[in-house]
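Here the structure is laid out as structure tokens; the discussion comes afterwards.
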Amino acid sequence: MSFSDLNDLPLSGQTLSLDLVFSGNSFVRLFKSTNSTFLLLPMLDVFGAGTINNPTGSGYLFDQAGNPISSVTSFGGSVTADSGGEAFRLALGGFFPLLADGPFPPDIYGAHLDITLPNGSAFDVIGGELGLFPNASQPWHDQFQIGDVPDSGCTLFLAVIAVALLFSLDAAIRRCPCSQRLHRP
């Protein structure tokens, strides 16, 4: 999932408070079979030359009500780009929600970051992306779901109507004289 609100942001050591929220009331649902090293990683697309440190700070994932979700968080590191300049992804901080003790399954609606960007006047922000990495060696551990906010009960009403229509159709077919001829030996 990409974002562009931080394009052309100078990397001058400033402190930012960011809320990354999935659009359209979407969320990420993790399952018991999801690998415990599942990683949610906000990144900046950067172009530049030389060495730049990753941002430092703190952050948390949050649920539908904006309450923090327990997760192990990782910040730090650095990137060295070619002297002629190259594009790369600069991690803003990694979230491992399944490595922490918390209620299960977590439905993740976004991430909050309080970060200090590195000093790097030779680098330009050209975009951003929120990566979801299951990090599993077996495909059955790669499962997670991205979807809309769960329905509030209207689906049950539609299911009841559909079942009632099916029973009515079955009763009408059984009463039809042409269907009775088909069942005679």
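The sequence shown runs 1 to 185 under our numbering. Beta carbons: idealized from backbone N, C-alpha and C, even for Gly. Please read all numbers here as calculations on a predicted model, not as lab measurements.
Cα-Cα separation between N54 and F75, rounded to whole angstroms: Answer to the nearest angstrom: the Cα atoms are 7 Å apart.
Residues that P10 bridges to, as DSSP identifies them: According to DSSP, P10 shares a beta bridge with D124.
Inter-stretch contact (C-beta, 8 Å, three-pair minimum) for the region 40–48 and the region 122–137: The region 40–48 is in contact with the region 122–137.
Contact under 9 Å by Cβ, F123 with F38: No.
Where L18 falls: helix, strand or coil (DSSP): Residue state, collapsed to three classes: strand.
Reduced DSSP category for S168 - H, G, I as helix; E, B as strand; rest coil: DSSP places S168 in helix when its eight states are reduced to three.
CA-to-CA distance, P134 to V163, given in whole angstroms: In this model, V163 and P134 are separated by some 38 Å (Cα to Cα).
Alpha carbon of C176 to alpha carbon of L165, nearest angstrom: About 17 Å.
Cα-Cα separation between V79 and A65, rounded to whole angstroms: In a straight line, the C-alpha of V79 is about 36 Å away from that of A65.
One or two residues paired with F96 in a DSSP bridge: Looking at the DSSP assignment, F96 forms a beta bridge with V72.
Residue environment, V149, which counts as buried when at least 16 other CB atoms sit within 10 Å: Legend: pLDDT at V149 = 46, less than 50; position of this residue unreliable, value from coordinates given subsequently. Looking at its Cβ environment, which holds fewer than 16 other Cβ atoms inside 10 Å, V149 is exposed.
Which residues DSSP lists as bridging L132, in chain order: Per the DSSP secondary-structure output, L132 pairs in a beta bridge with L40.
Cβ pair L117, L30 closer than 9 Å: No; because the gap between Cβ atoms is not below 9 Å, this pair is not in contact.
Pairwise C-alpha distance: G94 and S4: The alpha-carbon separation between S4 and G94 amounts to approximately 19 Å.
Rounded separation between G110 and G50 - CA only: About 32 Å.
Same chain, Cβ closer than 8 Å to G13, five either side skipped, listed in chain order: Once the five neighbours on either side are set aside, the close Cβ partners of G13 are T116, L117, P118 and N119.
Through-space distance from S26 to A172, alpha-carbon basis: Those two C-alpha atoms are separated by around 42 Å.
Contact set for A87: own chain, Cβ-Cβ below 6 Å, skip 5 residues either direction: Answer for A87: F47, listed in chain order.
Whole-Å CB distance - D107 paired with S70, under 8 Å assumed: Taking C-beta atoms under 8 Å as the contact rule, D107 and S70 fail to qualify, at a distance of about 13 Å.
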